[in-house]
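Undergrad:
There are 2 protein chains.
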Amino acid sequence: MTDADTTADGTIQLLWGLREGPTRGPKPVLSLERIAQAAVDIADAEGIAAVSMQRVAADLDFTKMSLYRYVTGKDELVAAMIDLAVGEPPTLEELPGTNWRTRIEAWVRLLATTWEAHPWLPWVTMGDRVMGPNETGWTELSAAVIAQTGLTVPERMSLARMLGGHIRATMSVSTAGTQPWVNRHQAALLREHADRFPTLRSMLDGDAAPPPDYGRDFGLRLILDGVERLIAQRSG
Amino acid sequence: MTDADTTADGTIQLLWGLREGPTRGPKPVLSLERIAQAAVDIADAEGIAAVSMQRVAADLDFTKMSLYRYVTGKDELVAAMIDLAVGEPPTLEELPGTNWRTRIEAWVRLLATTWEAHPWLPWVTMGDRVMGPNETGWTELSAAVIAQTGLTVPERMSLARMLGGHIRATMSVSTAGTQPWVNRHQAALLREHADRFPTLRSMLDGDAAPPPDYGRDFGLRLILDGVERLIAQRSG
DNA sequence: GGAAACAGTATCTGTAGGACACAGTTGTCC
DNA sequence: GGACAACTGTGTCCTACAGATACTGTTTCC
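These protein sequence lines map, in sequence, to chains A and B.
Note that our numbering has the first sequence beginning at 30, numbered continuously upward.
Note that our numbering has the second sequence beginning at 30, numbered continuously upward.
#1: Determine which residues of the segment 127-142 of chain A have a Cβ less than 8 Å from any Cβ of chain B, and write them out in chain order.
#2: Let me make sure I understand the geometry here. Which of A:Leu251, A:Gly161, A:Val69 and A:Leu59 has the alpha-carbon closest to that of Ala217 (chain B)?
#3: Return helix, strand or coil for Ala205 (chain B), following the three-state DSSP convention.
#4: In chain B, what lies closer than 7 Å to Ser187 (chain A) by C-beta?
#5: Let me know the secondary structure DSSP gives Glu123 (chain B) once reduced to three states.
#6: Check for me: the alpha helix (DSSP H) holding Pro162 (chain B) runs from which residue to which?
#7: At a cut of 8 Å, does the segment 73-80 of chain A reach the segment 45-52 of chain A through at least three beta carbon pairs?
#8: Going straight from the alpha carbon of His214 (chain B) to that of Ala238 (chain B), what length do you get?
#9: Taking Pro119 (chain A) as the query, report the chain B residues whose CB atoms sit under 9 Å from its CB, ordered along the chain.
#10: Secondary structure at Trp149 (chain B), three-state DSSP: helix, strand or coil?
#11: Output yes if chain A places a C-beta closer than 8 Å to the C-beta of Thr92 (chain B); else output no.
#12: Tell me whether Leu89 (chain A) sits in a helix, a strand or coil according to DSSP, three-state version.
#13: By alpha-carbon positions, which one of A:Val211, A:Arg190, A:Thr178 and A:Arg245 ends up nearest to Asp157 (chain B)?
#14: If we count Cβ pairs, one from each stretch, closer than 8 Å, do we get three or more for the segment 140-152 of chain B versus the segment 92-106 of chain B?
#15: Can you list, in chain order, the residues of its chain whose CB lies under 8 Å from that of Ala189 (chain B), leaving out five sequence neighbours each side?
#16: Using the beta-carbon count (16 or more within 10 Å), is Ala165 (chain A) buried or exposed?
#17: Helix, strand or coil for Gly194 (chain A) per DSSP?
#18: Using 8 Å as the limit for Cβ to Cβ distance, is Ile64 (chain B) near chain A?
#19: Note down, in chain order, each residue of its chain lying with its Cβ closer than 6 Å to the Cβ of Thr35 (chain B), except the 5 sequence neighbours on either side.
#20: Under 8 Å: do the segment 231-250 of chain A and the segment 184-200 of chain B share three or more Cβ pairs, one atom per stretch?
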């Protein structure tokens, strides 16, 4: 068994409630939920970099090492944070409309709203990992909706991955009141090197305001238009 | 001036060659290029987490602190790594074809190949930052190609952001010989909780092989089909 | 009531980024 | 040509981090 396996197993046990609760000994004062919530609060307010074992424990008025009674390590804490932050998904019936397009649009809107409330999520949901029950629930929901399209299974997998990636790609990046697609320093450089980057330079001072949602709606429209075209192509 | 400003300024000066070279004093033995190359080699072989000032210096047979003569901090080193790894973009003429669709497809293919060679890039290209000349060149190229579509400027910005996000979302994640859209532990959990996640469960054991490119081609097709539809809609 | 099983603590280790003072080296000016 | 200023690379120190380990005290079951 590799290290990755061990870690993953620990994360699985924790998130999916497979850790056996002890009977004897002192009553636990802390709980995984309280710890994860404290960590989420810190991350929401000060960014994910501010979340350390020390800091989380301090906010709970405990010592750092006491956290390790509830969590095998920081990776597990982060996994718990993710599933807590992402929250329980809605049910299929709670999505408005009945056709796949309306439902997908609603799913994206809802999940994006959740993500925007926890801007650190993109940083901790990268790479190979195991999703918790809540996150898996969101994925299940999208898979169920996407199944309505009649696409093949691999195509559905691709589309599902794409939707998640699209939300991630259209998260706001806290550029503190500048143009949302390029920050102040970048803009200055483009002006200075206008000869090398004429197209980008020319895009800088159009009076056309860049989309406030980072192109989320527009991009989703492109994708779903593409899906419709594919479906139409096959059925006709 | 905030800390972020200071950092960004340092990064700008370094990558864009704005740091004044000294005349007196001992000849520098090291160079930014050697340092960045050593760091990239480490990241390519052992992942970005293996890149520390200590480690980079050791590989070059220097002390850790000597690196700070060439780089104000680790952030700057990482910025230099990115621009080195991403490399010089091709010219518009080097892209095959002449219509926007063929060119965009080629651009995505080329940049994705570059990124696949440096799988740590997704981890260090998040958040607000300043791009180096090479990365800006790639963006300029895509902007120039996208301009051919005749979309509005905000729409072009959105599409450009989308293409980059799509490459990022379809990077391989080193799942060591399992199904590429879900790892072994996740699959086991889906089987165990088939009642809660019936759709995902049913997708597990289709004999349909998931796309080896994580749906990159398929997704790009959807996006560009959407663009074509939008153009057609407007022109007639 | 004793012993095992637990919760939380105190202390220690290794590694990280980085500040700072230093020794040695090189070009420039008198 | 010598002195000085400017520089490169080194050695040492500090702080913050994740985590291991041994401990004190508490609870429950036999």
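We put the beta carbon where it would ideally sit given N, CA and C, even for glycine.
Please read these numbers as outputs of a predicted model, since none were measured by experiment.
TA: Reading from the atomic positions:
#1: Within the segment 127-142 of chain A, no residue qualifies.
#2: Measuring from the Cα of Ala217 (chain B), the nearest candidate turns out to be A:Gly161.
#3: For Ala205 (chain B), the pLDDT reaches just 40, beneath the cut-off of 50, and the residue's location in the model is therefore unreliable, leaving the point undetermined.
#4: Result: Pro240, Gly244, Phe247 and Gly248.
#5: Correct three-state label for Glu123 (chain B): helix.
#6: Taken as a continuous stretch (DSSP letters only), the alpha helix (DSSP H) holding Pro162 (chain B) covers Pro162 to Ala176.
#7: Contact fails: fewer than three Cβ-Cβ distances are below 8 Å.
#8: Near 19 Å, if we compare the C-alpha coordinates of Ala238 (chain B) and His214 (chain B).
#9: Those within 9 Å of Pro119 (chain A) in chain B number zero; the least Cβ separation is about 15 Å.
#10: If DSSP states are grouped into helix, strand and coil, Trp149 (chain B) belongs with coil.
#11: For Thr92 (chain B), no Cβ of chain A is located within less than 8 Å of the residue's own Cβ.
#12: Looking at Leu89 (chain A) - three-state DSSP - the assignment turns out to be coil, as it is neither helix nor strand.
#13: Checked all of A:Val211, A:Arg190, A:Thr178 and A:Arg245; the closest Cα to Asp157 (chain B) is A:Val211.
#14: Below 8 Å, too few C-beta pairs join the segment 140-152 of chain B and the segment 92-106 of chain B to call them touching: fewer than three.
#15: Within the same chain, Ala189 (chain B) has close Cβ partners Thr168, Ser171, Ala172 and Ile175.
#16: Here the sequence assigns Thr to residue 165 (chain A), which means Ala is not the residue at that position. That one is buried.
#17: Three-state DSSP puts Gly194 (chain A) in a helix.
#18: No, its Cβ sits nowhere closer than 8 Å to a Cβ of chain A.
#19: No answer about Thr35 (chain B) holds up, because its pLDDT of 43 lies below 50 and its placement is not dependable.
#20: The segment 231-250 of chain A makes contact with the segment 184-200 of chain B: 3 or more CB pairs, one atom from each, lie closer than 8 Å.
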